[in-house]
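In my numbering, the protein residues as written are 45 to 151. Here's the structure, in structure tokens; my notes come after.
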């Protein structure tokens, strides 16, 4: 269950990162509110999951999921540039997240 909460929290991390971008430096109300809600939920899920999972793999998985999803959203919907190197780098992040879990992240 801790891994599921951690994965959901990683997805929420991507949500708050995108909302932060859309908030335009906290000058737009609803993206700012969305950021605050998603960040709170994401950090709460991470904190809960870390009660049961080792800190290093849990944090790396949380940030890896968030970074990979945020990068994809940026390229698909926010006008960020797309390149083979960016796509390969995202695949490396995903491989690292999977590797950490396979290496025995759970107790």
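We treat Cβ as the ideally placed atom computed from N, Cα and C, and that holds for glycine. Since the structure is predicted, the reported quantities are computational estimates derived from the model, not experimental observations.
Item to check | Residue range of the alpha helix (DSSP H) that includes residue 119 | outcome: Here residue 119 is taken as the residue at index 75 of the chain shown, counted from 1. Counting along the chain, the alpha helix (DSSP H) containing residue 119 begins and ends at 99–121.
Item to check | residue 146 - DSSP class collapsed to helix/strand/coil | outcome: Along the chain shown, read from residue 1 onward, the residue named residue 146 stands at position 102. Helix, per DSSP.
Item to check | is_contact[residue 78, chain D] using C-beta, thresh 8 Å | outcome: Given the protein chain composition of this structure (a single chain), no chain D is represented.
Checklist entry - Mapping DSSP to helix, strand and coil, what is residue 54? => result Stepping through the chain shown from its first residue, residue 54 is reached at position 10. Residue state, collapsed to three classes: helix.
Checklist entry - Can you tell which of 122, 90, 107 has its C-alpha closest to the C-alpha of residue 63? => result Mapped onto the chain shown, residue 63 falls at position 19. Nearest C-alpha to residue 63: 122.
Item to check | Bounding residues of the alpha helix (DSSP H) (the contiguous stretch that carries residue 70) | outcome: The sequence position of residue 70 within the chain shown is 26, counting from 1. Where residue 70 is concerned, there is no enclosing alpha helix (DSSP H), given that its DSSP letter is neither H nor E.
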